[in-house]
Every structure is written in structure tokens, then in C-alpha cells.
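Structure first, commentary second.
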Amino acid sequence: MRISSKVRELLKEHGRPAREIYFDLENGVWVPREVVEAMLPFFNERGYGHPSVTHKPGWEALEEVYLAKELVAETIGAVDPDDISFTHSGTEANNLAILGFTAKKDNRRRGGKIVLSAIEHLSVIFPAEHASELFGLRVQRVPVDEYGFVDPELFKYYVDKDTVLVSIQLVNHEIGAVQKLKEIIDVAKSINPNVVFHTDAADAYGWIPIDVERLGVDMLTISSHKVHGPRGVGALYVRNGVLLEPPLKGQLSVEKLWPGVENVPLIAGFRKAVEISFKDFENRVSYVKALRDKLMNGIVSTVPEVLVNGPLNELRAANNVNVSFLRVEGEALTVELSLHGIYASSGSACSSRILEPSHVLLAIGRKHEEAHGSILFKLSKHHGESDIDYTLETIPKAVERLRAISSWKSD
Ligand SMILES: Cc1ncc(COP(=O)(O)O)c(C=O)c1O
Numbered sequence: 044m045r046i047s048s049k050v051r052e053l054l055k056e057h058g059r060p061a062r063e064i065y066f067d068l069e070n071g072v073w074v075p076r077e078v079v080e081a082m083l084p085f086f087n088e089r090g091y092g093h094p095s096v097t098h099k100p101g102w103e104a105l106e107e108v109y110l111a112k113e114l115v116a117e118t119i120g121a122v123d124p125d126d127i128s129f130t131h132s133g134t135e136a137n138n139l140a141i142l143g144f145t146a147k148k149d150n151r152r153r154g155g156k157i158v159l160s161a162i163e164h165l166s167v168i169f170p171a172e173h174a175s176e177l178f179g180l181r182v183q184r185v186p187v188d189e190y191g192f193v194d195p196e197l198f199k200y201y202v203d204k205d206t207v208l209v210s211i212q213l214v215n216h217e218i219g220a221v222q223k224l225k226e227i228i229d230v231a232k233s234i235n236p237n238v239v240f241h242t243d244a245a246d247a248y249g250w251i252p253i254d255v256e257r258l259g260v261d262m263l264t265i266s267s268h269k270v271h272g273p274r275g276v277g278a279l280y281v282r283n284g285v286l287l288e289p290p291l292k293g294q295l296s297v298e299k300l301w302p303g304v305e306n307v308p309l310i311a312g313f314r315k316a317v318e319i320s321f322k323d324f325e326n327r328v329s330y331v332k333a334l335r336d337k338l339m340n341g342i343v344s345t346v347p348e349v350l351v352n353g354p355l356n357e358l359r360a361a362n363n364v365n366v367s368f369l370r371v372e373g374e375a376l377t378v379e380l381s382l383h384g385i386y387a388s389s390g391s392a393c394s395s396r397i398l399e400p401s402h403v404l405l406a407i408g409r410k411h412e413e414a415h416g417s418i419l420f421k422l423s424k425h426h427g428e429s430d431i432d433y434t435l436e437t438i439p440k441a442v443e444r445l446r447a448i449s450s451w452k453s454d
């Protein structure tokens with residue numbers, strides 16, 4: 044049977060729940076109508092030309108790309124819009140940072156070292172390992188504590204005169220740990236002023252204020268779908284003076300670091316999503332934080348045998364709830380919740396089709412079975428109090444049902 048037919052069968056059996064709440068904002072996104080409407084003209088009304096070609100539809104496209112670059116630059120405190128390069132995803136932006144930096148001969152020497160945290164996204168870890176194979180660089184991963192924090196005191200033992208590149212994310216995508224990034228960057232630069240510092244800020248952008256000048260960061264990744272923009276657009280900030288070699292080869296257009304024509308409709312959608320996110324930044328963040336606390340505290344107080352993954356204080360991202368339900372298989376719980384119209388992800392959201400437990404949860408000391416029972420809920424301003432109430436009514440029953448049929452018994 045073809046996969047499409049199998050999935051159709053599955054969807055038929057599943058049916059459409061009376062109420063639907065989408066919490067899997069780590070993996071996919073529901074795009075608001077005003078963002079979709081901002082994209083539509085660029086398919087066939089205006090700006091559908093190639094942004095590097097000299098005619099009206101081309102200039103309209105170029106204008107849109109630059110309006111987006113200017114806005115993204117402004118929202119991260121970058122002085123020059125040309126320091127922003129659009130890619131077709133956050134994954135590509137991370138690859139551009141790591142492989143683009145190490146592919147440039149002057150940026151590396153044999154025996155040189157790349158330092159990462161143990162909980163980076165796979166789109167940072169894999170390119171770093173690839174750079175190591177290609178160029179003979181060493182990769183070291185700094186451990187994190189039980190909440191996911193890199194200790195600046197420990198980090199200083201990882202940076203030395205051989206370190207050429209450090210990549211440590213600002214906010215962890217699974218457990219919401221907000222790193223003390225300024226402190227970490229200051230430590231790196233005080234030990235070796237030539238170190239180039241990259242941060243994957245995909246999960247921070249739109250949730251905590253970012254100022255590349257204040258942080259002193261050299262490269263920074265963002266991804267459109269993390270702010271309710273369309274999937275398929277990302278951006279990399281590269282500080283003037285940091286030189287990269289485009290890791291992909293092909294025809295260059297506006298972007299000088301990433302070949303291929305810019306996807307103008309998606310860039311227009313990203314710009315709209317950024318505009319909306321930053322319009323009411325503080326109110327939105329505090330609104331979502333209150334929902335987060337209600338959901339997290341509600342789960343802990345109504346479901347026995349749970350562990351909250353990640354920080355419990357102000358250094359937790361406002362939109363992140365990650366809980367391990369002991370004696371429950373996370374995948375089974377996502378299916379059970381889906382039948383009630385609650386869509387969340389299990390284990391590592393980005394790798395939930397891989398049956399390995401999340402490397403992030405293992406790095407904070409969770410056992411395999413604890414990591415397997417984890418569920419990630421990502422919240423946004425599109426959720427309301429009643430969504431949380433309904434979720435809190437549903438989860439205890441779903442967990443109880445799965446535990447009743449589980450072969451895992453409590454200790
Ligand atoms: C922290 C982090 N970095 C990078 C990415 C990759 O971004 P994209 O999905 O745009 O490729 C993700 C994915 O969600 C992420 O969570």
C-alpha cells in the first residue's frame with residue numbers, strides 16, 4: 044500500500060475532533076491569515092520577478108527582500124541590513140554559519156577546534172561533525188547542568204588558543220533553557236579574542252530581546268516558522284569582517300553567501316510575521332508566560348509521576364513546557380492526545396521520527412525511559428485560557444489510560 048493511502052486511512056479512522064489545539068510549534072506552524080495575505084501578491088501581482096534582474100517585477104522583489112532585511116536587522120540591533128543573509132531555513136542558516144566559516148581556509152588551521160554545547164540543535168551538531176571530517180578540526184561539546192545551562196566557569200576550560208569557532212544557542216528548543224550568553228561570549232573572547240562566536244537564536248527570536256552589539260556575537264541564526272511565519276525561510280546575521288565561503292555552489296542572486304533565487308513570497312510572509320511579533324513584544328511574552336505556568340503547574344499538580352524538563356525559574360523561555368510522564372511512551376501519548384484534538388510532540392520534537400531518545404534530555408541527565416516519556420508543548424499568543432483548561436482536563440485521563448495498559452509498573 045502506498046504511504047499516501049496508508050496515511051489517508053489513518054486520517055479517516057482518526058476523524059476530526061470537535062476541538063483542536065496545536066501545540067507542536069517546534070515542528071510545524073499554523074500561519075495566521077494576515078501573514079498568508081502578505082505573501083499572496085508576490086506570487087502573481089507584484090515582485091514575482093528575479094530580485095537581481097533590472098525590470099519592474101525584479102525591483103519590486105528586490106525592494107521586498109531589502110524591507111525584510113532592514114526589519115530583521117533592526118530587531119536584532121544589527122547596524123547594516125547587508126549583514127543579514129536569507130536562506131531557505133534555519134537549518135541552512137546554521138549550515139552556512141558552521142560550514143561557511145570552516146570552508147574558508149584562512150579561518151581554520153589543522154588542529155583547530157570548534158566548541159559546541161551538548162544540547163545544540165542537530166543542524167549545528169551535524170555540520171560541525173562534517174567540518175571536522177572535511178578539515179581535520181576537533182569538535183568539543185561542553186556539558187550542561189541538570190537544567191540545561193552551560194556554566195561559564197566550566198566553559199572557560201574548553202576555549203583555548205586553538206579554538207576557531209564556538210556555537211552555543213541562546214534558547215534551547217526542547218527545554219527552553221535561556222543561556223547566559225553575554226557572559227559566555229565574554230569568557231570566550233577574553234581567553235581568545237580571535238574566536239568567532241555563533242549562536243543559534245531560532246528559539247530566542249521573538250521571545251527574548253536580542254542585541255547583537257551588546258552580546259558581541261559574530262553570527263546569529265533565526266528561522267521564520269518560530270515567529271508564526273511560513274516554513275522555508277531562515278536568516279543568518281554575519282558581523283561585518285567575518286568572512287565565509289558559500290558552502291553551496293550555484294548562481295548567486297541578492298545573497299552573496301547562499302546561491303539560488305530568494306523565495307520572495309516567503310520572505311514577505313516572514314517580514315509580516317516579524318512585524319506582528321515585535322509590535323506588542325512584552326505584552327505577548329507575558330501573556331504566553333502566564334499560560335505556560337498554568338499548563339506546567341496544572342500538569343504537575345494533577346498527574347502523578349511527572350518530571351519537568353528544563354529550568355523552573357525566569358531563565359525558562361516563555362513558550363516552553365516540557366514534561367516527562369513516567370511509565371508512558373511519549374509517542375503513544377501524542378497519539379492519544381491527538382484523538383482529543385491536542386497536538387504536541389514527543390521526545391525530541393525535531394527528531395521524533397528517530398527512535399533514539401533526545402540528546403538534549405540525556406544531556407540533562409534524564410534516563411532513556413524518562414526521555415522517551417517526554418512531551419513538548421510550545422505555546423503562542425494564539426492559545427487561550429480555555430485551551431489550557433481543556434488540555435489540563437484531557438491529559439490526566441490520557442496518561443491514566445496509557446498507564447493502565449502499560450507493562451511498566453511504578454517502583
Ligand atoms: C533551535 C533550532 N535551530 C534550528 C532549527 C531549524 O530551523 P528550520 O526548521 O527552519 O530548518 C530549529 C527547528 O525547529 C530549531 O529549533
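Numbers 44 to 454, taken from my numbering, label the letters of the sequence shown in order. Yeah, the Cβ is synthetic: ideal placement off N, Cα and C, and Gly gets one too. The model shown is predicted, which means the values in this text are computed figures rather than measured ones.
{"Check": "Under the criterion of a Cβ to heavy atom distance below 7 Å, does G133 qualify as lining ligand 1?", "Outcome": "yes"}
{"Check": "Specify the secondary structure class of V210 as computed by DSSP and reduced to three states.", "Outcome": "As written in the sequence, residue 210 is Ser, which differs from the Val given in the question. S210 falls in the strand class under three-state DSSP."}
{"Check": "What are the residues that DSSP puts in a beta bridge with I417?", "Outcome": "First, the amino acid is wrong: residue 417 is Ser here, not Ile. According to DSSP, S417 bridges with S367."}
{"Check": "Alpha carbon to alpha carbon, what distance is there between K49 and L300?", "Outcome": "41 Å"}
{"Check": "Does the structure place the region 413-423 close enough to the region 89-101 that three or more beta carbon pairs sit under 8 Å?", "Outcome": "no"}
{"Check": "With a Cβ-Cβ cutoff of 8 Å, do A174 and L142 count as a contact?", "Outcome": "yes"}
{"Check": "Taking 8 Å as the threshold, find out whether the region 56-66 comes into contact with the region 369-383 through three or more Cβ pairs.", "Outcome": "yes"}
{"Check": "Could you compute how far the alpha carbon of S391 sits from the alpha carbon of N283?", "Outcome": "The predicted model places S391 with a pLDDT of 46, which falls under 50 and marks its position as unreliable, so this point remains unresolved."}
{"Check": "In its own chain, which residues sit with a C-beta less than 6 Å from the C-beta of S320, not counting the 5 before and 5 after it?", "Outcome": "G249 and V270"}
{"Check": "First and last residue of the alpha helix (DSSP H) that includes Y330?", "Outcome": "F324 to T345"}
{"Check": "For a test of the three-state rule: what should DSSP assign to T162, helix, strand or coil?", "Outcome": "Looking at the sequence provided, one finds Ile at residue 162 rather than Thr. Of the three classes helix, strand and coil, the one that applies to I162 here is coil, per DSSP."}
{"Check": "Unbroken beta strand (DSSP E) runs of length 3 or more, entirely within the region 78-130: which are they?", "Outcome": "127-130"}
{"Check": "For R446, does the three-state DSSP call read helix, strand or coil?", "Outcome": "helix"}
{"Check": "Fully enclosed by the region 253-278, which beta strand (DSSP E) runs are 3 residues long or longer?", "Outcome": "262-266"}
{"Check": "May I ask you to list the residues that DSSP assigns as paired with F178?", "Outcome": "DSSP, once it has assigned bridges, lists no residue as partnering F178."}
{"Check": "According to DSSP, is A387 part of a helix, a strand, or is it coil?", "Outcome": "coil"}
{"Check": "Nearest by alpha-carbon distance to V281: which of N363, F240 and R151 is it?", "Outcome": "F240"}
{"Check": "Quick one: what's got a C-beta closer than 8 Å to D149's C-beta in the same chain, skipping five residues either side?", "Outcome": "L286"}
{"Check": "Just checking E69 against ligand 1 - is the residue's beta carbon closer than 7 Å to any of the ligand's heavy atoms?", "Outcome": "yes"}
{"Check": "Just mark S389 as buried or exposed, buried being the case when its beta carbon has 16 or more other beta carbons within 10 Å.", "Outcome": "buried"}
{"Check": "Taking CB distances under 8 Å as the criterion, tell me whether E357 reaches chain D.", "Outcome": "As a matter of chain content, chain D is missing from the structure shown, which is built from one protein chain."}
{"Check": "Straight-line CA distance for V170 to L139?", "Outcome": "With the sequence shown as reference, residue 170 is identified as Pro, and Val is not the correct amino acid for it. For P170 and L139, the distance between alpha carbons rounds to 9 Å."}
{"Check": "Under the rule that 16 or more other beta-carbon atoms within 10 Å means buried, what is H425, buried or exposed?", "Outcome": "exposed"}
{"Check": "Say the cut is 7 Å; is the CB of D261 nearer than that to a heavy atom of ligand 1?", "Outcome": "no"}
{"Check": "Contact between the region 219-226 and the region 185-194 is defined here as three or more beta-carbon pairs at a separation below 8 Å; is this criterion met?", "Outcome": "yes"}
{"Check": "Following the continuous beta strand (DSSP E) through L32, name the residue where it begins and the one where it ends.", "Outcome": "The shown model of the chain, from 44 to 454, leaves out residue 32, and the question about it has no answer."}
{"Check": "Quick check: A81 and G312, are their CB atoms within less than 8 Å of each other?", "Outcome": "yes"}
{"Check": "If you drop the 5 nearest sequence neighbours on each side, which residues of the same chain put their C-beta closer than 6 Å to that of L291?", "Outcome": "P302"}
{"Check": "May I have the straight-line CA-CA distance separating P186 from L83, to the nearest angstrom?", "Outcome": "45 Å"}
{"Check": "Please look up how many angstroms separate the CB atoms of V378 and R335, rounded, as I've assumed it's under 8 Å.", "Outcome": "24 Å between Cβ atoms; not a contact."}
{"Check": "Once you ignore the five residues that flank L435 on each side, which residues in its own chain have a CB closer than 6 Å to its CB?", "Outcome": "G341"}
{"Check": "For F192, report the span of its beta strand (DSSP E) as first-last.", "Outcome": "Careful: F192 lies outside any beta strand (DSSP E) and carries neither H nor E."}
{"Check": "Among I265, I46, F198 and V304, which has the Cα closest to the Cα of S95?", "Outcome": "V304"}
{"Check": "Note down, in chain order, each residue of its chain lying with its Cβ closer than 6 Å to the Cβ of V307, except the 5 sequence neighbours on either side.", "Outcome": "F85, G90, A104 and E107"}
{"Check": "Ordered along the chain, which non-local residues of its own chain (more than five positions away) have a Cβ less than 7 Å from that of S423?", "Outcome": "L68, H271, V331 and N362"}
{"Check": "Going straight from the alpha carbon of Y109 to that of K225, what length do you get?", "Outcome": "29 Å"}
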